[in-house]
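Enquirer:
Numbering (the UniProt record's numbering), first residue to last: 1 to 261.
#1: Can you tell me whether DSSP reads residue 149 as helix, strand or coil?
#2: Quick one: Cα of residue 135 to Cα of residue 110, how far?
#3: With H, G and I counted as helix, E and B as strand and the rest as coil, what does DSSP make of residue 7?
#4: CA-CA distance, residue 178 and residue 139?
#5: With DSSP as the reference, label residue 184 as helix, strand or coil.
#6: How far does the beta strand (DSSP E) with residue 174 in it reach, from first residue to last?
#7: CB-CB under 8 Å to residue 47, same chain, minus the five flanking residues each way: which ones, in chain order?
#8: If you measure between the beta carbons of residue 218 and residue 203, is that distance less than 9 Å?
#9: Using the Cα positions of residue 7 and residue 36, report the straight-line distance between them to the nearest angstrom.
#10: So, with DSSP's three-state summary, where would you put residue 88?
#11: Are the segment 154-169 and the segment 188-207 in contact at 8 Å, needing three or more beta carbon pairs?
#12: Closer than 6 Å by C-beta to residue 114: which residues in its own chain qualify, once you throw out the five before and the five after it? Chain order, please.
#13: Looking only at its own chain, which residues have a Cβ that is under 8 Å from the Cβ of residue 222, when we skip the five neighbours before and after it?
#14: Helix, strand or coil: how does DSSP classify residue 45 here?
#15: Would you call the segment 91-101 in contact with the segment 124-132, where contact means no fewer than 3 C-beta pairs closer than 8 Å?
#16: Inspect the beta-carbon positions of residue 118 and residue 152 and report whether they are closer than 9 Å.
#17: My output table needs one value for residue 32: the three-state DSSP class, helix, strand or coil.
#18: Would you decide whether residue 242 is buried or exposed? Buried here means 16 or more other CB atoms lie within 10 Å of its CB.
#19: Grouping DSSP H, G and I as helix and E and B as strand, with all else coil, what is residue 101?
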C-alpha cells in the first residue's frame with residue numbers, strides 16, 4: 001500500500017513552494033516596475049526643471065507685441081520647456097498667423113530661447129466691406145482683418161470694384177503701388193508715419209497726420225518735400241490745416257500752412 005499521507009504532505013509543500021516563488025517573482029517584477037517608474041519620474045522632473053524657460057527674446061515683431069508673440073509660441077502644455085520647443089519647431093517655422101510670414105524658434109540654452117519673427121511686407125491698406133484689406137509692395141492683398149494696425153497707412157483715392165485675397169488690387173494705374181512704396185520708404189527714412197495717403201484724380205498725393213495734411217503734389221522732389229515736412233510738423237501740433245508743398249523744390253522757399261475754417 002502507498003502512504004497517501006506522505007504524498008499529500010509533499011504536494012502541499014510543493015504547492016506552497018510554488019506560491020512562494022510566484023510571490024517572489026511578482027515582488028521582483030513590481031520592484032523593477034517601481035524602480036523604472038521612479039527613474040522615469042526623476043528624469044521627467046529633471047527635464048521639467050532643467051529645461052524650464054526663464055528668458056525669451058523676440059526679434060522682428062511690429063504688428064504683434066512681444067507678449068503676444070510669446071503666448072503664440074509658448075502657450076499650451078509644456079510650452080515653457082525648451083527641450084519640447086526644440087523638438088516641436090525643429091527644422092520648421094510657425095506659419096498660418098495673420099501678418100506673419102513665419103517665426104523661427106532658437107534654443108540658446110536650456111533656460112533661454114529666441115523667437116525671430118518674419119512679418120509680411122505691408123505697404124498699406126484699403127477699406128472694403130467693413131474689413132481692412134492689407135496689401136504688399138506689389139499691390140497683392142495679403143491679409144483681410146477686422147483690426148486696424150498702427151503704422152500702416154490707409155490708401156484712398158484709388159478706384160477698384162472688388163478685392164480678392166492673394167490677388168492684386170484691380171486698379172487702373174498700377175504705378176500707384178510703386179509710388180506708395182517710394183513714399184513710405186522716404187517717410188521711414190525721416191522717421192515719419194502717415195495715417196493716410198490720398199491720391200487725387202491727377203495722381204497727386206496728400207499725406208494725413210492726424211488733423212494735419214501735407215499736399216505733396218507730384219513725385220518731383222519728393223525727398224526734399226518730406227525732409228522739409230519733418231521740420232515743419234512740430235510747429236503744427238494741436239492745429240488743423242494743410243502744408244502746401246506741391247511746388248517745393250528744396251531751394252529754401254517758404255512753405256505755407258493753411259488753417260482749416
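Cβ coordinates follow ideal geometry from the N, Cα and C atoms, glycine included.
Expert: Result, derived from the coordinates:
#1: coil
#2: Taking C-alpha positions only, residue 135 is separated from residue 110 by approximately 39 Å.
#3: Note on residue 7: pLDDT 48, under 50, position unreliable in the model; the coordinate value appears next. Three-state DSSP puts residue 7 in a helix.
#4: 9 Å
#5: helix
#6: Counting along the chain, residue 174 falls outside any beta strand (DSSP E), and DSSP gives it neither H nor E.
#7: 81 and 83
#8: yes
#9: The predicted model places residue 7 with a pLDDT of 48, which falls under 50 and marks its position as unreliable; any figure quoted below should be read in that light. Spanning the two alpha carbons is a distance of roughly 43 Å.
#10: helix
#11: yes
#12: 57, 106 and 108
#13: 182, 183, 186 and 216
#14: helix
#15: no
#16: Not a contact, by the Cβ cut-off of 9 Å.
#17: helix
#18: buried
#19: strand
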